[in-house]
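This report concerns only the one structure given below.
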Amino acid sequence: MYVVSVEFRVDSEHVDAFREAMHRQAENSLDLEPGCRYFDVAEDPHDPTLFFLYELYEDETAFRKHLDSNHFQNFSETVSPWVKSKLTKTLVRTWPPEGH
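Each residue of the sequence shown is one higher than the one before, counting from 107 in this note's numbering.
If you want it as structure tokens, here you go:
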């Protein structure tokens with residue numbers, strides 16, 4: 107299995123729109139990608155601008171297909187202006203760690 111976790115911090119005025127788009131993205135990933143096994147969206151109960159994703163894929167190839175999918179590309183283009191920060195690629199955690 108291939109695990110990815112990502113944190114987003116979103117502009118406060120876009121929290122509701124981001125939440126809706128993120129949940130739609132999770133549903134699309136699960137419905138349209140056979141290699142996506144789990145996609146959970148969590149929100150910090152004390153900070154509504156902080157979102158955490160936990161994604162589980164069959165393998166790295168399935169995750170790469172996710173990144174190349176039309177629904178992911180559309181999602182990314184839509185939410186990018188709303189995102190204040192996102193962990194950089196080097197901080198995206200994968201399991202097993204890359205290179206192992």
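Where a beta carbon is used, it is the ideal one built from N, C-alpha and C, also for glycine. In this text the structure is predicted, and so the values were computed from the model without any measurement.
Which of helix, strand or coil DSSP assigns to residue i
i, result
"residue 146", "strand"
"residue 175", "coil"
"residue 153", "strand"
"residue 136", "helix"
"residue 113", "strand"
Selection from the options that minimises the alpha carbon distance to residue i
i, options, result
"residue 189", "111, 179, 121 and 153", "121"
"residue 185", "114, 153 and 110", "114"
"residue 187", "112, 127 and 111", "127"
Outcome for residue i when other beta-carbon atoms lying within 10 angstroms are tallied against a minimum of 16
i, result
"residue 135", "buried"
"residue 107", "exposed"
"residue 163", "buried"
"residue 55", "An answer regarding residue 55 cannot be provided, because it is not within the stretch 107 to 206 covered by the chain."
"residue 119", "exposed"
"residue 131", "buried"
Backbone CA spacing between residue i and residue j [nearest angstrom]
i, j, result
"residue 169", "residue 109", "9 Å"
"residue 137", "residue 152", "31 Å"
"residue 116", "residue 143", "26 Å"
Near the ligand ADP: residue i beta-carbon under 7 Å from a heavy atom
i, result
"residue 138", "The ligand ADP is absent from the structure shown, which contains no ligand whatsoever."
Open item on the list: Tell me whether the segment 157-165 and the segment 173-180 touch, counting them as touching only if at least three CB pairs, one residue from each stretch, are closer than 8 Å.
Closed with: no
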